[in-house]
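> Sharing a structure below in structure tokens format, with a few things to ask.
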Ligand SMILES: Nc1ncnc2c1ncn2[C@@H]1O[C@H](COP(=O)(O)OP(=O)(O)O)[C@@H](O)[C@H]1O
Ligand SMILES: [Mg+2]
């Protein structure tokens, strides 16, 4: 029983780490540009498949870095061509456009790589379990959590200590004033969008190594990521971090006692949080933004 | 004498509402120019047109010899135009020091160290968040932020609004000091007498039109008009004088 609980809590944390990575990217984009990116899961898929395509040439480690970077570059192009037109418009437009984009990416992936699942090959030593009693914790699972932790820490440090990061945080509350202070806010938004897409691409590589790839894999992570943002409080990146881990663990723990309710529990959690704190756990009081 | 900025025949709209009806004004280089007028006269809208936030639909703005009428705000700022907005608009979620790291200015003498020397209070509060500052400190921060652009022209929108009298004195002292530094100033104020005391030139705006312009001393000497400006209701203004007077 204890082991089952531990297994599911670990599972929940790992899933939560994915939610966090996805949700932080979504949050960055929502906060600065007001665009709700329903294509975020699509960029995850692109990251995963790029890693699959690059691994033969670059190996897993090369792909782990290059695939998210390439995904970010694709994101940059999409931002310049399409997303940019949404700024300052009714959110309905961003819903329509990014929703359509999500379908295009899914079908495009299917067209190029086929509908059947594909693996991202992970170095052998990462696939060993830690020990006989902790057989369910493979090195790869720890590795995923570590990569997510490093990525999240890097993001928070960049936002806190670099001028670009400080400008992004300033812009989430008052982009107009940022523009009068000599900052090219168009470029700031592009960069910020690319950073969010980088995180989606990274999620894709990591997820591919654990679960394999298929063109629809991004869609399942999208809704929980939105819930993580709402639970944590829209506008607060630390809130998003807490929200993602919370719903991941809640789903994991519920899986022990009421397996059939493990998907529903995040909605229940969201409802409870919103009843008690309509702005989410850290809404408005966020430390970073 | 050359102008830091010249605006001619500005027509500015918010959506369909026509706010500025052909505003023309100039800021002489190295001088303080004040723009006065009752609430809702269009002062803020004029400044927003000048800095590129609400571009004029008609008319022409020349800033330091360049036609900046359609330029985005960041390019106008990069020319050396510092803007201190109405209500200060400091970033409440950032610390004082972080607020000072947002500006992306041209090269020049102003640095965060120099700002702290000029505003010791900001140095003391550098780790506090913007939202924790008093009104006076927020105003200093908003001015400091604009100075870090190394401006040749500083545009201030009601910097003394809502401040205690002692702090108002400080704000006006800073404005005078900027002029001594060789920075041209365009000052919008409700504080009519004090603005006229510090300014070289004055423009009076009403209903989106310039209704008076001339030397600040001349307007200051016209007690009826000054009282009308400070009394600030539309009827007063209309009763006090013909609507359009020749420039002085
Ligand atoms: N964002 C806006 N949308 C529509 N009308 C506005 C907006 N801002 C100001 N106005 C209107 O424009 C007029 C001029 O406003 P403003 O320039 O702020 O005047 P002032 O700064 O002289 O008090 C006012 O009638 C005001 O109601
Ligand atoms: Mg105003």
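Residue numbers (my numbering), protein chains in the order written: chain A, 50 to 338; chain B, 12 to 259. Every residue gets a Cβ at the ideal spot worked out from N, C-alpha and C, and that includes glycine. Small disclaimer: the values here were computed from a predicted structure and weren't measured.
For residue 260 of chain B, which of helix, strand or coil comes out of DSSP?
A query on residue 260 of chain B cannot be resolved here, the shown segment of chain B reaching from 12 to 259 and no further.
> Do you know whose CA, among B:220, B:149 and B:230, lies nearest residue 213 of chain B's CA?
Taking the first residue of the second chain as 1, we reach residue 213 of chain B at position 202. It is B:230.
> With distance defined between alpha-carbon atoms, name the residue in B:48, B:151 and B:65 nearest to residue 184 of chain B.
Counted from its first residue, the second chain places residue 184 of chain B at position 173. Minimum Cα distance to residue 184 of chain B is reached at B:151.
> Report yes or no: is there a C-beta of chain B within less than 8 Å of the C-beta of residue 338 of chain A?
Here residue 338 of chain A corresponds to residue number 289 of the first chain, with the count starting at 1. In this prediction, residue 338 of chain A has a pLDDT of 45, which is less than 50 and means its spatial position is unreliable; what the coordinates show is noted afterwards. Yes, residue 338 of chain A lies at the interface with chain B (some Cβ there is under 8 Å from its Cβ).
> Does the Cβ of residue 168 of chain B lie closer than 7 Å to at least one heavy atom of ligand 2?
Counting from one through the second chain, the residue named residue 168 of chain B turns up at place 157. Yes - ligand 2 has a heavy atom lying nearer than 7 Å to the Cβ of residue 168 of chain B.
> Measure from the C-beta of residue 24 of chain B to each C-beta in chain A and report whether the shortest distance is under 8 Å.
Along the second chain, one-based indexing puts residue 24 of chain B at 13. No, residue 24 of chain B lies away from the interface with chain A (no Cβ there is under 8 Å from its Cβ).
> Using a Cβ cut-off of 7 Å, pull out every chain A residue sitting near residue 115 of chain B, in sequence order please.
Taking the first residue of the second chain as 1, we reach residue 115 of chain B at position 104. Within 7 Å Cβ-Cβ: 230, 231 and 232.
> Does the beta carbon of residue 222 of chain A come closer than 8 Å to any beta carbon on chain B?
Reading the first chain from its first residue, position 173 is the one you call residue 222 of chain A. Output row for residue 222 of chain A: interface = yes.
> Pull up the distance between the alpha-carbon of residue 268 of chain A and that of residue 116 of chain A, whole angstroms please.
Start at 1 with the first residue of the first chain, and residue 268 of chain A comes out as number 219. Start at 1 with the first residue of the first chain, and residue 116 of chain A comes out as number 67. Looking at the two C-alpha atoms, the distance is approximately 19 Å.
> Does any C-beta atom of chain A lie closer than 8 Å to the C-beta of residue 94 of chain B?
Locating residue 94 of chain B in the second chain gives position 83, where the first residue counts as 1. Closer than 8 Å: yes.
> Looking at the unbroken alpha helix (DSSP H) that takes in residue 324 of chain A, where does it start and where does it end?
Locating residue 324 of chain A in the first chain gives position 275, counting from the first residue. Start and end: 314–325.
> Cβ-heavy atom distance between residue 55 of chain B and ligand 2 below 7 Å?
Position 44 of the second chain, counting from 1, holds the residue named residue 55 of chain B. Result yes, Cβ under 7 Å from ligand 2.
> Would you say the beta carbon of residue 52 of chain B is closer than 7 Å to some non-hydrogen atom of ligand 1?
Position 41 of the second chain, counted from the start, is the residue given in the question as residue 52 of chain B. Yes, the beta carbon of residue 52 of chain B sits closer than 7 Å to at least one heavy atom of ligand 1.
> Among B:67, B:39, B:111 and B:96, which has the Cα closest to the Cα of residue 76 of chain B?
Counting from 1 along the second chain, the entry for residue 76 of chain B is found at position 65. Residue 76 of chain B has its Cα closest to that of B:39, out of B:67, B:39, B:111 and B:96.
> I want to see whether chain B comes within less than 8 Å of residue 128 of chain A, judged by CB atoms only; does it?
As a position in the first chain, residue 128 of chain A is number 79, starting the count at 1. Output row for residue 128 of chain A: interface = no.
> Looking at the C-beta of residue 62 of chain B, does it have a partner C-beta in chain A at a distance below 8 Å?
By 1-based counting over the second chain, the position of residue 62 of chain B is 51. Interface residue, yes.
> Look up residue 217 of chain A in the DSSP assignment and say whether it is helix, strand or coil.
Here the question's residue 217 of chain A lines up with position 168 in the first chain. It is helical.
> Excluding the five sequence neighbours on either side, which residues of its own chain have a C-beta within less than 8 Å of the C-beta of residue 142 of chain B, listed in chain order?
Locating residue 142 of chain B in the second chain gives position 131, counting from the first residue. Counting only Cβ-Cβ distances below 8 Å, and skipping sequence neighbours, we find 103 and 104.
> Threshold first: 3 residues or longer. Then list the beta strand (DSSP E) segments lying entirely within the region 68–151 of chain A, N to C.
Whole beta strand (DSSP E) segments, 3+ residues: zero.
> If you run the structure through DSSP and keep just helix, strand and coil, what is residue 232 of chain A?
Residue numbering aside, residue 232 of chain A sits at position 183 when the first chain is read from its first letter. Residue 232 of chain A falls in the coil class under three-state DSSP.
> Using the DSSP secondary-structure output, state which residues sit across from residue 178 of chain A in a beta bridge.
As a first step, residue 178 of chain A is located in the first chain; it is residue number 129 there, counting from the start. According to DSSP, which records beta bridges pairwise, residue 178 of chain A is partnered with A:187.
> Mind pulling the chain B residues with CB within less than 7 Å of residue 227 of chain A?
In the first chain, counting from the first residue as 1, residue 227 of chain A sits at position 178. 113, listed in chain order.
> For a minimum of 4 consecutive residues, which ranges assigned as the alpha helix (DSSP H) are wholly contained in the region 223–307 of chain A?
You should have 234–260, 266–281 and 286–306.
> Along the chain, where does the beta strand (DSSP E) that runs through residue 122 of chain B open and close?
For the purposes of this step, residue 122 of chain B is identified with residue 111 of the second chain, where counting begins at 1. First-last for residue 122 of chain B: undefined, no H or E at that position.
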